[in-house]
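Q: In the working numbering, the protein residues as written are 59 to 359. Take a look at the following structure, please.
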Amino acid sequence: MTTGGDDATPSSPSDAAASDSVSASEAGNAKGKLGSTALRFASALPLIPVILWLLFYGPRWGFHAFAFLAIAIVARELMAMTMPGQTVLIGIGTLATLGFAATVVFAPAYLFPAVLGLGMVALVASLLRPEPIETAGARTGWLFGGPIYIGGLLVTVDLLHGLPFGARWVVLAMMLAFLSDTAAYFAGRAFGKHKLYEKLSPKKTIEGSLGGLVGAVGGAFFALYVMKLPIPVPHAVALGVVAGGLGQAGDLLESLLKRSAGVKDSGNILPGHGGLLDRVDALMFTAATTWAYAVYVLDAR
Numbered sequence: 059m060t061t062g063g064d065d066a067t068p069s070s071p072s073d074a075a076a077s078d079s080v081s082a083s084e085a086g087n088a089k090g091k092l093g094s095t096a097l098r099f100a101s102a103l104p105l106i107p108v109i110l111w112l113l114f115y116g117p118r119w120g121f122h123a124f125a126f127l128a129i130a131i132v133a134r135e136l137m138a139m140t141m142p143g144q145t146v147l148i149g150i151g152t153l154a155t156l157g158f159a160a161t162v163v164f165a166p167a168y169l170f171p172a173v174l175g176l177g178m179v180a181l182v183a184s185l186l187r188p189e190p191i192e193t194a195g196a197r198t199g200w201l202f203g204g205p206i207y208i209g210g211l212l213v214t215v216d217l218l219h220g221l222p223f224g225a226r227w228v229v230l231a232m233m234l235a236f237l238s239d240t241a242a243y244f245a246g247r248a249f250g251k252h253k254l255y256e257k258l259s260p261k262k263t264i265e266g267s268l269g270g271l272v273g274a275v276g277g278a279f280f281a282l283y284v285m286k287l288p289i290p291v292p293h294a295v296a297l298g299v300v301a302g303g304l305g306q307a308g309d310l311l312e313s314l315l316k317r318s319a320g321v322k323d324s325g326n327i328l329p330g331h332g333g334l335l336d337r338v339d340a341l342m343f344t345a346a347t348t349w350a351y352a353v354y355v356l357d358a359r
C-alpha cells in the first residue's frame, strides 16, 4: 500500500510552477506588509513629538486648536464618505460639527441658538440638493447625526485635557483604545476561531475581542500604577471592560459606515493609515467613557 514519501507520484511541471507561484505571491505579500508598516511608521513619526508637546507642555489654547483641527478633518471625512460629491452639504455638515463641539467645550449660552440655527440650515440645505432621491434621507440623517457622532464624542479628548492631570487622562483614553486593539489582534491570531461579526469585519473573532478587553484592563492598570491616576482597582477593571468594549463597538460602527459607502478607508490624509477617522474610531468611544468616569464617578473637575 502506498503511504506517500518516495512512493508518491512525482509532481508534474505545472504543479511545481504553481507551487513556485504561490511561494512568490506569499513572499510578495510579506514584503508588501513590511513596506506598508514602514510607511505608516514614517508618516506618523513627525507628528508624535508635536502631539506629545501639545499634550504635556503646550498652552491650553494650542490643544484646543489641535483638537478642533482633528474634529474638522474627521467630520469632513465622514460627510464626504456618507454624501459623496455633495460639496455644499459636506461643508455645512463640517461646520455644524465644529459648532456643536464648540458649544460642548466653551458652553456659552449664546452659542447654542447659533448652532441650532446652523443645524436647521444644514437640514434645509438637504432639500436644495435632493438628488439622488433614494439616498436623500440618509444624507439628511448624517447632517443631523454626524455632528453628534463626531462633535459630541471626539471633543471629549479636549474635555479630558482640561481636567486636573488632563494629559494623563488623555493618555489613558489612548491606551485603552491602543492596547485593546493590539491585544485583540494578537489574541485573534493565536486563538481566534469564532467570528465576531463576519458581515462587517470578517477577520475579527470573539477570542480576539475578549483579548482586547484584557488589553484595555491592562491600560487602566497602567494609568493606576504608572501614571498614578486616582483609580481604585475595581474601577480600573470595570473601566477597562466598559471602555474597551465600547471602543470595539466604535471600530465596528466605522466598518459599517465604510461598507455601506463602499470604501476601504475614510480618507487618505496619512500615507499608510487611511483617514483620520480610521485612527480615532475607537478613541472617540474610549475618550467619552473615560471623561464620563472621571467627571461623574471621581468628580474630577
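For each residue, glycine too, the CB sits at the ideal point set by N, CA and C. Quick caveat, the model's predicted, so the values are computed rather than measured.
Name the residue from LEU341, MET285, TRP200 whose alpha carbon lies nearest to the alpha carbon of ILE150.
A: Closest option to ILE150, Cα to Cα, is TRP200.
Q: Answer with yes or no whether the minimum CB distance from LEU341 to chain B is below 7 Å.
A: Absent from the structure is chain B; it holds one protein chain and no more.
Q: Does DSSP put GLY116 in a helix, a strand or coil?
A: Coil.
Q: Can you tell me where the alpha helix (DSSP H) holding TYR243 begins and where it ends?
A: Looking at the DSSP string, the run of the alpha helix (DSSP H) that includes TYR243 is 224–249.
Q: Quick check on ALA88: does DSSP put it in helix, strand or coil?
A: Because the pLDDT of ALA88 is 42, which lies under 50, any placement of that residue in the model is unreliable, and the number read from its coordinates should be weighed accordingly. Helix.
Q: Should ASP216 and ALA345 be called a contact, given that it needs their Cβ atoms to be closer than 7 Å?
A: No, they are not a contact pair.
Q: Please state if the CB of LEU258 and the CB of LEU361 are separated by a distance shorter than 7 Å.
A: The structure shown does not extend to residue 361, since the chain is modelled only from 59 to 359, so the question has no answer here.
Q: So for LYS286, helix, strand or coil by DSSP?
A: In the structure shown, LYS286 sits in coil (DSSP, three-state: anything other than H, G, I, E or B).
Q: Would you call the region 139–146 and the region 105–119 in contact, with 3 or more CB pairs under 8 Å?
A: The answer is no - the region 105–119 does not touch the region 139–146, with fewer than three Cβ pairs under 8 Å.
Q: With distances taken Cα to Cα, identify the nearest neighbour of VAL213 among ALA231, ALA248, VAL162.
A: Selected option, being the one with the closest Cα: VAL162.
Q: Candidates LEU230, PRO205, GLY209, LEU221: which alpha carbon is nearest GLY276's?
A: Among LEU230, PRO205, GLY209, LEU221, the Cα nearest to that of GLY276 is on LEU230.
Q: By the DSSP assignment, the alpha helix (DSSP H) with LEU217 in it spans what residues?
A: Run containing LEU217: 210–219, per the alpha helix (DSSP H) assignment.
Q: Residues in the same chain with beta-carbon distance under 7 Å from GLY210, minus the five sequence neighbours each way, listed in chain order, please.
A: The residues are PHE158, VAL162.
Q: Quick check for students: name the residue ranges of the beta strand (DSSP E) that lie wholly in the region 276–328, counting only runs of 3 or more.
A: You should have found no qualifying run.
Q: Going by the beta-carbon positions, is the gap between ALA274 and ALA307 smaller than 7 Å?
A: The answer is no: Cβ separation not under 7 Å.
Q: For the candidate residues LEU271, LEU234, PHE343, PRO260, whose alpha-carbon lies nearest to that of ARG317?
A: Checking every option, the nearest Cα to that of ARG317 belongs to PRO260.
Q: Report all residues from its chain with a CB closer than 8 Å to the CB of ILE289; omit the five preceding and five following residues, and keep chain order.
A: Excluding positions up to five away in sequence, the list reads ALA278, ALA281, LEU282, LEU297, LEU356.
Q: Classify PRO104 as helix, strand or coil using the three-state DSSP reduction.
A: Reduced to three states, the DSSP call for PRO104 is coil.
Q: Can you say whether LEU271 is buried or exposed, counting buried as having 16 or more other CB atoms within 10 angstroms of its CB?
A: Flag for LEU271 reads buried.
Q: Considering only the alpha carbon of each residue, which of ILE148, TRP227, LEU221 lies closest to VAL202?
A: Sequence inspection shows Phe at residue 202; the Val mentioned does not correspond to that position. Ranking the options by Cα distance to PHE202, first place goes to ILE148.
Q: Would you tell me roughly how many angstroms separate the C-alpha atoms of LEU136 and GLY250, rounded to the nearest one?
A: Approximately 31 Å, taken between the alpha carbons.
Q: Just mark TRP111 as buried or exposed, buried being the case when its beta carbon has 16 or more other beta carbons within 10 Å.
A: By the neighbour-count rule (16 or more Cβ atoms within 10 Å), TRP111 is not buried but exposed.
Q: Please list the terminal residues of the continuous beta strand (DSSP E) segment that includes LEU356.
A: Careful: LEU356 lies outside any beta strand (DSSP E) and carries neither H nor E.
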